[in-house]
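Quick notes on the structure that follows.
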Amino acid sequence: MFKKILVANRGEIALRVIRSCRELGIQTVAVFSEADRHSLHVRFADEAVCIGPAPAMKSYLHQPSVLAAAEVTDADAVHPGYGFLAENAEFAAAVRASGRAFIGPSVDHLRMFGDKLLAKRAAKEAGLPMLSGSDGEAATLAEARAAADVVGFPVILKAAGGGGGKGMRIVEDGATLDKVFELCKAEAKAAFGTGRVFVERYLRTPRHVEVQVAGDGQGGAIYLGTRDCSLQRRHQKIVEEAPAPGLSDKLALEIQESAARLVRNVGYQTVATVEYLVEDDRFFFLEVNPRIQVEHPVTEETSGVDLVALQIKLAAGEKLDIPQESIKPVGHAIEIRVNAEDPWTFMPSPGRITGYHEPGGPGVRVDSVAHEGASIPPYYDSMVAKLIVRGRDREHAIRKLVWAMDEFIVEGIKTTIPVQRELVTSEEFRDVRHYTRWVDEWLAARSPKE
Amino acid sequence: MFKKILVANRGEIALRVIRSCRELGIQTVAVFSEADRHSLHVRFADEAVCIGPAPAMKSYLHQPSVLAAAEVTDADAVHPGYGFLAENAEFAAAVRASGRAFIGPSVDHLRMFGDKLLAKRAAKEAGLPMLSGSDGEAATLAEARAAADVVGFPVILKAAGGGGGKGMRIVEDGATLDKVFELCKAEAKAAFGTGRVFVERYLRTPRHVEVQVAGDGQGGAIYLGTRDCSLQRRHQKIVEEAPAPGLSDKLALEIQESAARLVRNVGYQTVATVEYLVEDDRFFFLEVNPRIQVEHPVTEETSGVDLVALQIKLAAGEKLDIPQESIKPVGHAIEIRVNAEDPWTFMPSPGRITGYHEPGGPGVRVDSVAHEGASIPPYYDSMVAKLIVRGRDREHAIRKLVWAMDEFIVEGIKTTIPVQRELVTSEEFRDVRHYTRWVDEWLAARSPKE
Amino acid sequence: MDLDRLKSLIDMLKELDVAEFRYKDADMSVAVRLGGHAALPPPVVHMPVPHVSAAISPAANADDGSVLEAPMVGTFYASSKPGTPPFVEIGSRVSVGQTLCIIEAMKLMNEIEAEASGTIVARLVEDGQPVEYGQPIFRIRPG
Amino acid sequence: MDLDRLKSLIDMLKELDVAEFRYKDADMSVAVRLGGHAALPPPVVHMPVPHVSAAISPAANADDGSVLEAPMVGTFYASSKPGTPPFVEIGSRVSVGQTLCIIEAMKLMNEIEAEASGTIVARLVEDGQPVEYGQPIFRIRPG
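Residue numbers (the working numbering), protein chains in the order written: chain A, 1 to 450; chain B, 1001 to 1450; chain C, 2001 to 2143; chain D, 3001 to 3143.
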């Protein structure tokens, strides 16, 4: 097992990693920018190194500084958290070249799942149900037109280098496709370094369902349950739950087995999330996130498995010691991302927290580094806390969540709690009639001027 | 079900009750003394009434004020929490006389379990194993001598009106008994209103094991698991865990079944704790606490049952809807009472909290109304928070607890966390070699001058 | 220098969470800086607590006499029975021991008496309304 | 000084979320700074963070010249190779662009140069020690 892990991240996920390290008896090194000198992730690590000024490009994203911090502290592994360098194959390679473990997948798997076309090919080879489309790159407008004509408009044009809601465009008709195709390729090239794009069938009202999986790179792979993250604003998840509600037992089993099959098929080692779109009892492969995800706690709460500890153990070369049969998710868990944003315009609201109280009691979990007197800096994402509740069933979890939100005091800055409260108490959410673009439509209908 | 519950308490237990009420859709009324005007239990209730000045005798213990608050707010039930008026039969009778529900047992059961002699008789009738002794009141010195001679010195002389560690004295020999007997009776009379005392065998190194039970007054009674609270300082519990470690399956089953039998036998309605002493694989009835207890969360975490919600439902006349077979405790939970006290002298350390961060993450629960800027007033008990952790097994729970304690920031006042950290990491605790007076001996050995 | 007035000033500044204070006029000048620990920071509670008394408007100006606070929780009655005239009206002269109102709690009618003689300036609670401990019920100008 | 008027003033300032207030007229002047908002309260972190730099004593007096901070994370070397004399000593005159030390990170030797000419007053890091970004490494009196 590792002796000392450098946590190449900040905020709640850095503290989350430190928590599991402490339980496993592993020393920790925090890195921080000048803006985060007083952050609790710094206080709770055994050692801490300032790696640069506030802008992420000069600190958390600056690979030489992170690597040098690992070197001077003699850390034998690096945990990237999520975001920042977590899916950066070059960084993973550099960490490993320096003789340290990168707590994440192989460089090949990072490249495979970082490229949507390669990911789709791997999913197809594993027999996962795919959205119809160009079946590979649409290199020319003619190829894109041909694919769109077969699939039927509207189609979605996606950049191979995109993902997580970035680099995609809905195209309503052929004339529009003619107009935007080259532009899209140019944009993709500029944003992601590759101009390869592809055409996919566009679903109108899909739900976002994903499966938490883990593989040990030695032929072992398990699934740990489904999650539904269909409450999204502009493709950004704001509420997540486990298990995904409203799936038939058959569908839930199929979707999970297919996810584990993909992981097993490519010999993947560590935790990952396989994402799907679900519409009308059918599911379609979307993408793979080869890292720990923001919403991992809802799976922890239902499965009882510490996913970060599992991730660390797998990175250390341990075999998967959890038989599939032993994973029996219990109850229902929901997470909201409490962001420092105006709840209706979603404008960032950085600043100092002047009053703070976290909800507690049975079934309530808060992952956060916030406290009274702490500042949410304007340089990074706006997350203040993750609030996770666990109930006997979905209805119980929703009731518990509503009260926990009412009990969550964050003063001095605005948070997204008010909009999340309305969303989780809506009839659409209760009856599972929501879909990935529902929040956007609901917000537009709510304030037509926005 | 009730429409509006007045919570006749303060601090974390008041908030705990409010949390379950919210989940059940019940309105809440907080009462508060002038010292607690800014307490979070006041903020989170739907209504709040100031019932008097800071001293408890003039506010939380002042029955007319509490009753009047229920009257003016039109509450249809009163939840007493623990401490204060929770076991006061006169108060329970007055609440019921005013046409409201008292969320607790019947007046008869409060009287029965409030009098240790009546409680012992009930336990004996239910066939529970009893400590040998005077078998009822030792009305005269001669009776006490006779009982002590049979049992063998040292014996313990207990006041019928005592309980919870109060009103008892260890008597080493006959000469001492002669000297203290009348004094004890006089002290008991002064402290508890009754001078009745009894003689019991004294165990040198017992563990304190208790069973969480619930009855519906209609013949239904279940047990929800064992707890061990053997880490005590001067009879005050400071660390509690569930299940009780080191009991054989047979003993654990017997002790739990006997507890449920007692509750069933007397037709008890609501939650209670049956307390035992355990020594050398034998168990002996100690007393019954007819209320929700401070340490109830460890049972909630292992059984998955919301005990406060259950208590409220039972008070509303609902039948016990949880079959005994469905209670399958999972994992291990430990609670520490974070008190505002010097960790080594246990001198109260009231004052203002200048920095505060609660631990979080998987398996960590905090029940508290503390926050940065809050004050721990000198008028009441010194509890700042209850920290509860849940692990796969006892060893995992201890590891998690240690880190959670390290992560708990309470600045501006002293807390008991440092002594609790040493206790739970001791070999004696790990190997379950501790007993009810072990902490006192350990403390004395640690600093001989104390 | 009047020490008592100075103490009142500092007490007030502390209560108001003032960090620094300077004052100067023809007669005097004073400068006070309050220590970090002395001043209580504002509590988390900023929102009004929905007290039973929330609907009752707070007392007016501080120089409008002294406030009589409810000595107990209960229901405020201005008169001995419904339909009868109130014990006192605005402008009434009252003397020590005179009954000003009734606070009823648990069927007990508690007569609340004047602690000093003076003139009723304001009644701060409506007839039949609940009051909590310490809630202002009358404003009385002494004399 | 009228305490009641003063209280009303401060109440108003607080309500308006004013941090500092000064007023002066012919008769009087008053200045108030309100706690809480004006000055940032100390952060929760009171205990020294066990930085890699924890062992290094902080720079002395502020007037002892200006501080040169490490521009990157790495290992500090006072000389180009072990056993060779250091680039600079205490009392050395240095000019702009002169190499003062090396910070090694990921096998890269980064020469750190003087940004201004002056005299080395103190070296704040020991040879071979790790440094973090922004950590003071030299104190230099300009001129």
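Note that beta-carbon positions come from the ideal geometry of N, C-alpha and C, so glycine has one too.
Just verifying my parser: in three-state terms, what is the DSSP assignment at residue i?
| i | result |
| --- | --- |
| Arg2123/C | strand |
| Leu307/A | helix |
| Asn1265/B | helix |
| His79/A | strand |
| Leu1203/B | coil |
| Gln236/A | strand |
| Lys250/A | helix |
| Met3047/D | Residue placement at Met3047/D is flagged as unreliable, the pLDDT there being 30, under the threshold of 50; the coordinate-derived value follows with that caveat. Coil at Met3047/D, not helix or strand. |
| Leu1061/B | coil |
| Ala159/A | strand |
| Leu314/A | helix |
Apart from the five residues just before and just after residue i, which ones in its own chain have a Cβ nearer than 7 Å to its Cβ?
| i | result |
| --- | --- |
| Asp1342/B | Ser1349, Lys1414 |
| Leu15/A | Leu40, His41, Phe44, Val369 |
| Ile1170/B | Pro1154, Ile1156, Tyr1202 |
Using 7 Å as the limit for Cβ to Cβ distance, is residue i near chain A?
| i | result |
| --- | --- |
| Trp1403/B | yes |
| Phe3130/D | According to the sequence provided, residue 3130/D is Pro. The question's Phe does not apply to it. Yes, Pro3130/D lies at the interface with chain A (some Cβ there is under 7 Å from its Cβ). |
| Tyr3165/D | With chain D covering 3001 to 3143 only, the question about residue 3165/D has no answer from this structure. |
| Val3073/D | yes |
| Lys1158/B | no |
| Arg1233/B | no |
Rounded to a whole number of angstroms, what is the C-alpha to C-alpha distance between residue i and residue j?
| i | j | result |
| --- | --- | --- |
| His3046/D | Thr1354/B | A caution first: His3046/D carries a pLDDT of 28, below 50, which makes its placement in the model too unreliable to give a value. |
| Arg19/A | Trp438/A | 36 Å |
| Glu1335/B | Ala69/A | 38 Å |
| Pro3082/D | Gly3128/D | 9 Å |
| Arg3141/D | Gly83/A | 43 Å |
| Leu1423/B | Phe1429/B | 7 Å |
| Val266/A | Ala139/A | 26 Å |
| Met1405/B | Tyr356/A | 20 Å |
| Glu1279/B | Arg1433/B | 11 Å |
Along chain A, which residues have their Cβ under 8 Å away from the Cβ of residue i?
| i | result |
| --- | --- |
| Ser1059/B | None at all; the shortest Cβ gap to chain A is about 23 Å. |
Taking 7 Å as the CB-CB cut-off, is residue i touching chain C?
| i | result |
| --- | --- |
| Arg3033/D | yes |
| Asp3027/D | yes |
| Lys3007/D | yes |
| Val1072/B | yes |
| Leu1067/B | yes |
What does residue i reach in chain B if we use C-beta pairs closer than 8 Å?
| i | result |
| --- | --- |
| His41/A | Correct list: empty, because the minimum Cβ distance to chain B is about 11 Å. |
Closer than 7 Å, CB to CB, is residue i near chain D or not?
| i | result |
| --- | --- |
| Cys50/A | yes |
| Val2018/C | yes |
Strictly below 8 Å CB to CB, what residues from chain D border residue i?
| i | result |
| --- | --- |
| Ser368/A | Here the premise fails: no neighbours, minimum Cβ distance about 13 Å. |
Using 7 Å as the limit for Cβ to Cβ distance, is residue i near chain B?
| i | result |
| --- | --- |
| Arg37/A | no |
| His332/A | no |
| Val2125/C | no |
| Gly2134/C | yes |
| Asp46/A | no |
| His357/A | yes |
| Lys451/A | It is not possible to answer for residue 451/A, since the shown part of chain A is limited to 1 through 450. |
| Pro2050/C | At Pro2050/C the pLDDT is 35, less than 50, meaning the model places this residue with poor confidence and gives no usable figure here. |
Any heavy atom of the ligand COA closer than 6 Å to the beta-carbon of residue i?
| i | result |
| --- | --- |
| Arg1204/B | Among the ligands in the structure shown, none appear at all, so the ligand COA cannot be discussed. |
Which chain A residues sit within Cβ distance under 9 Å of residue i?
| i | result |
| --- | --- |
| His1109/B | Result: empty, since nearest Cβ-Cβ is about 26 Å, beyond 9 Å. |
Spatial neighbours of residue i within its chain, please: CB distance less than 8 Å, with the 5 preceding and 5 following residues excluded, ordered by chain position.
| i | result |
| --- | --- |
| Pro1129/B | Ser1258, Arg1282, Phe1283, Phe1284, Phe1285 |
| Met2979/D | In this structure chain D extends from 3001 to 3143, so residue 2979/D is not present and cannot be described. |
List the residues of chain C that residue i touches, going by C-beta distances under 7 Å, in chain order.
| i | result |
| --- | --- |
| Val3030/D | Arg2022, Tyr2023 |
| Pro1064/B | Ala2105, Met2106 |
Skipping 5 residues on each side, what residues in its chain have a beta carbon closer than 6 Å to that of residue i?
| i | result |
| --- | --- |
| Ala221/A | Gly215, Ala260, Val263, Arg264 |
| Arg421/A | Met405 |
Could you work out which residues of chain B lie near residue i, taking near to mean beta carbons separated by less than 7 Å?
| i | result |
| --- | --- |
| Arg19/A | Gly1361, Trp1403 |
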